[in-house]
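In the working numbering, the protein residues as written are -10 to 248. Here a beta-carbon is modelled for each residue, glycine too, at the ideal position from N, C-alpha and C.
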Ligand code: PGA
């Protein structure tokens, strides 16, 4: 699987069942064909039950990958209601979100859980996007760097050097998710620089150019500025990825950005 920057990811959360997924892609793929350049990768994260419909609609088209929003850390067994990394891969996922703030805050996921999930995802041969980010309280009390560092350090010791290129980080300040408040491009650049230095500190070679994504109220009218910020190598888009035309216009910005 080749992922080239910028990486534009659409996290549909609990939206778009199989029929809506098919309808979305019927509309979205021709739009994307018009705007996507030779580089840049689009990843869609439908609900896991919609993965087969998405895989069928995408067919052999290149430049669009599928991902799974969450996995359990065991591969199989008596875990009613869960989806594992190997099963998601079987359904067409190439990449998995881990540690999204909604998982952390609504479903009580801890750093220990994200560590187990990252291990399961990499062991299944998938790539991972690890989401990190501070709450408003944590930012206002000057803890943003420490929180992001703790979330990263919970996972990085698990990673072998030969796996680093399958681990992407998304910086998603919790106060910007679904709120309409976006980090300024300066705030994003500052935190992305910090994340880059932590990654390079641990894996000097392979992590120096891996795209670091920004997420949190990304819309067509702020996407270009965020993508142009230093060290922002992609976007993780929630609400604005649900509409084919809106998401295609964000993907178009990804295709022209110089990075
Ligand atoms: P949002 O969500 O774009 O709706 O803020 C982003 C995310 O949760 O990944």
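For residue 116, the enclosing beta strand (DSSP E) begins and ends at 116 to 121. Inter-residue distance for residue 50 and residue 83 is about 14 Å (C-alpha atoms, whole angstroms). In the DSSP assignment, residue 59 falls outside any alpha helix (DSSP H) and carries neither an H nor an E. For a cut-off of 8 Å, the C-beta gap from residue 106 to residue 153 is around 17 Å, too long to register as a contact.
Remark: the shortest separation between the CB of residue 222 and any heavy atom of the ligand PGA does not fall under 7 Å. Approximately 14 Å separates the beta-carbon atoms of residue 119 and residue 74; this is outside 8 Å, ruling out the contact.
With three or more CB-CB distances shorter than 8 Å, the stretch 177 to 195 counts as touching the stretch 140 to 159. Burial check for residue 15: the Cβ neighbour count within 10 Å stays below 16, so the residue is exposed. With 16 or more other CB atoms across the displayed protein chains lying within 10 angstroms of its CB, residue 25 is buried.
In this model, residue 160 and residue 22 are separated by some 28 Å (Cα to Cα).
With respect to the C-alpha of residue -7, the residue from 237, 236, 230 and 223 having the closest C-alpha is 223. Assigned with DSSP and collapsed to three states, residue 226 falls in strand.
Taking 7 Å as the cut-off, the C-beta of residue 229 counts as close to a heavy atom of the ligand PGA.
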